[in-house]
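K.L.:
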């Protein structure tokens, strides 16, 4: 199956067997890119490389966020470290949902702290340095200790 991938406004658009006439709707900048990429015989878009970050889904759209880690945890502390560089995105996000019964404080490298009550969830963001360096993501109970339970996701994006 021939497919074409296009990046626009934070998403990878995947077109399969798309002719120039079928590219009549959408943002102007996307239409221009699509029309330029259509094969000379104007029948089918050409294949391009597909990597683990760019893959076909049922909806045909893949978010450009790069997943670093995700899962669920119950314990006294969560503190993994990952080496990141801005070549994979200018920002890193630490998403959590507090599924436990104590407040949870999260941080990235000891900064950008936010506290979430039981049942709450959101994320914090930190800029990623140009050169690769370690980033420590931490979730701890507060203020009186205890066991935390969280669902988490760490992503890098532009």
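Numbering (the working numbering), first residue to last: 549 to 706.
Yeah, the Cβ is synthetic: ideal placement off N, Cα and C, and Gly gets one too.
Only a predicted model underlies this, so the values are computations on that prediction, with no experimental measurement involved.
(1) Short check: CB of residue 688 to CB of residue 640, under 8 Å?
(2) Quick check on DSSP: helix, strand or coil for residue 636?
(3) Answer with buried or exposed for residue 678, where buried requires no fewer than 16 other C-beta atoms within 10 angstroms of its C-beta.
(4) Pick out whichever of 701, 663 and 706 has its Cα sitting closest to the Cα of residue 628.
(5) Going by the CB atoms, is the gap between residue 647 and residue 698 shorter than 8 Å?
(6) Would you identify the three-state DSSP class for residue 647, choosing helix, strand or coil?
(7) Around the C-beta of residue 624, are 16 or more other C-beta atoms found within 10 angstroms, so that it is buried, or is it exposed?
(8) With a CB to CB cut of under 8 Å and the five nearest residues on each side skipped, what residues in its chain are close to residue 633?
(9) Measuring straight from C-alpha to C-alpha, what distance separates residue 650 and residue 696?
(10) Which residues does DSSP pair with residue 642 in a beta bridge?
(11) Quick check: does the Cβ of residue 675 come within less than 7 Å of any heavy atom belonging to the ligand MG?
P.N.:
Answer, in terms of the structure:
(1) no
(2) helix
(3) exposed
(4) 701
(5) yes
(6) coil
(7) exposed
(8) 676, 677, 678, 679, 680 and 681
(9) 7 Å
(10) 672 and 702
(11) Here there are no bound small molecules, and the ligand MG is not part of this structure.
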